[in-house]
Every structure is written in structure tokens, then in C-alpha cells.
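Position in the sequence shown (first residue = 1) + 2 = our numbering. Glycine included, C-beta positions come from ideal geometry on N, C-alpha and C. Please read these numbers as outputs of a predicted model, since none were measured by experiment. Here's the structure, in C-alpha cells; my notes come after.
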Amino acid sequence: MSDLAQFISDWQPLLATLVGVAGLLFLIIVRRVNAFAALLVGALATGLMAGLSPPSVIDAVTNGFAGVLGFIAVIVGLGALLGVYLEASGGASALARSIIGNRPAGPAGIAMGFVGLIIAIPVFFDVGLILLFPLVQALSKRAGKPALYFGLPLLAGLATAHAFIPPTPGPVAVAEILSAQLGLVIICGLIAGIPAMLVAGPYYARLAEGRGWLETNAGSSAALVSEDTPQPDALQSLALRAMAVLALPLALIVLAAFAPMLGWQSEIVAFIGHPFVALMIGCALAAWILRGDSEEDREKLRDGLTRAFEPTAVILLVTGAGGAFKQVLVDTGAGKLLAESFLGAGITPIIAGFLLAAIVRVAQGSATVAMLTAAGLSAPIAAAAGLEGWDLARMVIAIAAGASIVSHVNDSGFWLVSRYFGLDAKQTLRTWTVASTLVGCVGFAVVLALGLVL
3 MSDLAQFISD
13 WQPLLATLVG
23 VAGLLFLIIV
33 RRVNAFAALL
43 VGALATGLMA
53 GLSPPSVIDA
63 VTNGFAGVLG
73 FIAVIVGLGA
83 LLGVYLEASG
93 GASALARSII
103 GNRPAGPAGI
113 AMGFVGLIIA
123 IPVFFDVGLI
133 LLFPLVQALS
143 KRAGKPALYF
153 GLPLLAGLAT
163 AHAFIPPTPG
173 PVAVAEILSA
183 QLGLVIICGL
193 IAGIPAMLVA
203 GPYYARLAEG
213 RGWLETNAGS
223 SAALVSEDTP
233 QPDALQSLAL
243 RAMAVLALPL
253 ALIVLAAFAP
263 MLGWQSEIVA
273 FIGHPFVALM
283 IGCALAAWIL
293 RGDSEEDREK
303 LRDGLTRAFE
313 PTAVILLVTG
323 AGGAFKQVLV
333 DTGAGKLLAE
343 SFLGAGITPI
353 IAGFLLAAIV
363 RVAQGSATVA
373 MLTAAGLSAP
383 IAAAAGLEGW
393 DLARMVIAIA
403 AGASIVSHVN
413 DSGFWLVSRY
423 FGLDAKQTLR
433 TWTVASTLVG
443 CVGFAVVLAL
453 GLVL
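Rendered as C-alpha cells:
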């Protein structure tokens, strides 16, 4: 056998993976194929090219799909229900208005970043923007500043929570693929996410305003929406209830993660702190204290609950397909070869995860697809390096950071921001694209720094 043939034989799984990933990006970027279908095609083609038998490829896809969704589907479903309670009851809006209060422009911008960070934990990025855009407009009008002065902090907060903080689907899926503890991921996500939000949001907004980058050619293309603002006492009460609904499940999950470290070997703590049970408790609390007093409020809530799962279908399918792709890499041995290649080159698993996610993100636009693809490629690297505990949690956030950078013209979020704030492509690139890149880079820097203390 010639040297070339021997090389191809030895590295067939990894070469098949490279061709499969290239084909995946071609289908999504050039042919505009749906990400779910593209991931499945990529998984099947990679398995066959790597030398697996057709039945083995089908088994890998089936097992990978089912293995991920067995955990993720429940989390995403319960998270969607929680988001509906907060949105339909007005709790999310009340919480946002309560945090903003009557603060002057500077502190209000910082507060707006925290609003985005909190609200995006139970609701999706686009829903959070649509829900809170009237508040951005009201603050802009009151302070006499461009809408983006408050919009960039909101967007930075939404993007950070969307990528870094479970139970949003992206980090939950990556944590499941890497077998990381969700409670530790939440802690690492908050530690990395808060400085990322502050730098990319309020601080960058001030810099951009000083350089005249926040002015738009035309007014926002979204009309100012008037809302019936509750009386101060009612607003504060609703905000506190909304905060309780958000904080309780997160606190239970974190408590369960830290209990073994504190010597608490209680099965009850482990049970109520499991993400399934913690989110169910949160939903039960929401149903009790956010159900609404009038029949009109309850009808609005019922309508919201009926539509709660509509946006989750695509996310679950893409997540499952990402799990199938990851399982094919494991079964073919490509993941092991990839791990050996990265580790042999001196690239640490956390840096590898960030770089892989960043490459896929820039190439095809979707942060969720970038996270899932990078997680599938990175899982064998993490396993080969023997990562566990805090290191696995840091790797989840590193992948999330890589998947957050450079939101540009191939990202639907880019155009959503452009439409709402009345920006042309150039203005969106120097505001939102820079902000999203800062979210990823600052978050990654914090993750690296955490390695020195954890």
C-alpha cells in the first residue's frame, strides 16, 4: 500500500468529518437548506464516508438524536411555558420597568443591560427584543438620546443570556453533549456573562455615541407602542412576583450542583434541584402568582400557553440533529482523531471549542447551530483531556462565546436589529456586530481567567 493510501486509510474518519462539515456549511450557506435537514444529511454522509456500514450510520443518528432530546426537550418545553407566564402576565415588562425606574441615562443604560440578561433567561432573543422595544423607545424619548444608547445594552444582555445562561436551549444542549453539570454552567455563565454584557452594552454604547455611530438615517421602522403602565405599587408587586418565578428554579439547580461540595448528600435536594423538577416548580409558582385577576388576563394567558411550543419545534429538531452529528463522530472514531490532533498541536480543549464555534458561527450565522456543531466536534477533545466539573462548565461557556461573535448579514438576528432600530447594513455592522463580537471575546477572556482560580 502506498504512503498516500495508508494516510487516507489511517485518517479516513477525520477526512470524512472535514468533508462533512464543509458540505454542511455549503448546504446551509450556499443552498439555503434548512439547518435540521442539513445536519441530518451531514451526519449520514459523514458516517458513510468514514467507513461505517449503513445500518451503523442509522443507529448512530437514531441514538444521538434520542440521547440529546431525551433531556433537552423537557427543558425547552418547560422554559417555554415559564416564558409565556412572564410575557402574558406582563411580569417581564413590569420587572424591566421596575429595574429601570427613573434613573438618569447612564445608570438606565446599565440597568437595561441587566434587564436583557434577566428577561432572556426564559424567553428567546427575538421575543425579548419585541417585548422590551417599547421601553427602549420610551427611555430614548425621555433622555433625548438615540434609541441604540439603550438598545445596545438590551441587545447585549439578551445575546449574553441567550448563549451563556441555562435554561436557554443553546447552553443546555452543549452542557448535555459535553456531560457538564448545569448548575456549574449557570454559575460560569453568570460570571462570564455580566462583564461581557457591561462591555458590549452600556460601555460600548457610550463610546459609540461619542463617535456619532448611534444616529440613524431614518427613524426606527418599529412604531412606538403605548402600554398601559400599572400604578407604582402594582408594578412593584408584579415585578417581585416575576423575579421570584425566575429566581426560584435557577436557585434550586445551583443548590443541587453545590450540595455535594458542601457535604449535603440529600436525595431531596438532588431531586428538587434537577432541572426538570426545578423548572416544573417554577412553572407551578408562575401559574399560582401570575395567573391574572380578570377573565381577559386569563384568556390572554390561555392563548399564550396554546402557542407556547410553536417556536420550540425548530429548536428541538436542530438540537436533535446536532446530537446525531456528534454521535456519528464518536462512532466513526473521528472525534478521537480530532482530539488527538488538537491536543498534539498544543491547543487546549477550551480554546479548541471557542475556535470551532467561532468558525461555524461566522460561516453560517446561527449561534445555535454553531454551538451544537462545535459541541459535537469538541466533546471527544474534552473526553480525551479528562475534563470534568468546573473545566467542563468553562468549556460550555467558551463554545457559547465563540458562537456569539460577529453577528453579520447571514444571521437573522442582524436583520431583526436593523429593522427595529432603523439601521442600514453599515450602521448595523458597526453597532450590533461589534457588540456581539465583544460579548463573545469578553466572555471567552473571563472563561480563560476562571481557569486560574477554579
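Inside the stretch 305 to 379, DSSP marks whole alpha helix (DSSP H) runs of 4 or more residues at positions 314 to 334, 336 to 346, 351 to 366, from first to last along the chain.
Non-local C-beta neighbours of residue 273 in its own chain, meaning closer than 7 Å and more than five positions away in sequence, comprise 279, ordered along the chain. A Cβ-Cβ contact shorter than 9 Å links residue 413 with residue 369. About 15 Å separates the beta carbon of residue 64 from that of residue 331, a gap too long to meet the 8 Å contact definition. At a Cβ-Cβ threshold of 9 Å, residue 318 and residue 75 count as neighbours. Scanning 415, 439, 102, 269 for the CA closest to the CA of residue 120 turns up 102. Looking from the CA of residue 364, the closest CA among 15, 97, 12, 30 belongs to 30. In the DSSP assignment, residue 65 falls within the alpha helix (DSSP H) that extends over 56 to 90. Taking a cut-off of 8 Å for Cβ pairs, the stretch 178 to 198 and the stretch 137 to 149 do not touch, as fewer than three such pairs fall below it. Close CB contacts of residue 384 within its chain, under the 7 Å cut and outside five residues either way in sequence, are with 180, 351, 394, 397 (chain order). Annotation for residue 392: 186, 190, 452, 456 place their beta carbon closer than 8 Å to its own, counting only its chain and skipping 5 residues before and after. About 15 Å separates the Cβ atoms of residue 427 and residue 438, ruling out a contact at the 8 Å cut-off. Around the beta carbon of residue 401, 16 or more other beta carbons lie within 10 angstroms, which makes this residue buried. Rounded to whole angstroms, residue 346 and residue 15 show a C-alpha spacing of 17 Å.
For residue 413, the three-state secondary structure derived from DSSP is coil. Distance from the Cα of residue 252 is smallest, within the candidate group 324, 211, 84, for 84.
Positions of the alpha helix (DSSP H) runs, each at least 4 residues long and wholly inside the stretch 411 to 447, are given as 414 to 423, 427 to 430 in order along the chain. In this structure, residue 328 places its C-beta atom within 9 Å of the C-beta atom of residue 70. When the five nearest sequence neighbours on each side are left out, the beta carbons in the same chain lying within less than 7 Å of the beta carbon of residue 431 are those of 410, in order along the chain.
DSSP places residue 139 inside the alpha helix (DSSP H), whose first and last residues are 127 to 145. Taking a C-beta distance under 9 Å as the contact criterion, residue 108 and residue 208 qualify as a contact pair.
Closest in alpha carbon position to residue 122, among 182, 53, 110, 195, is 195. Assignment of residue 300 by DSSP, reduced to helix, strand and coil, places it in the helix class.
Remark: C-beta atoms of residue 134 and residue 281 do not approach each other more closely than 9 Å.
Following the DSSP letters along the chain, one finds residue 162 inside the alpha helix (DSSP H) bounded by residues 149 to 166.
CA-to-CA, the gap between residue 66 and residue 51 works out to about 18 Å. Residue 122 carries a coil assignment under DSSP once its states are collapsed to helix, strand and coil. Looking at the backbone, the Cα of residue 323 and that of residue 297 are separated by about 41 Å. In chain order, 172, 173, 369, 402, 405, 406 place their CB closer than 7 Å to the CB of residue 165, counting only its own chain and leaving out the 5 sequence neighbours on each side.
The straight-line gap separating the alpha-carbon atoms of residue 168 and residue 28 is approximately 30 Å.
DSSP places residue 191 within a helical segment (H, G or I) once states are collapsed to three. Between the stretch 124 to 142 and the stretch 89 to 96, the count of C-beta pairs closer than 8 Å reaches three or more; the two stretches touch.
Annotation: residue 362 to residue 237 spans about 43 Å, alpha carbon to alpha carbon.
Considering only 321, 100, 250, 176, the residue with the shortest C-alpha distance to residue 39 is 321.
In this structure residue 155 is in contact with residue 111, their Cβ atoms being roughly 5 Å apart against a cut-off of 8 Å.
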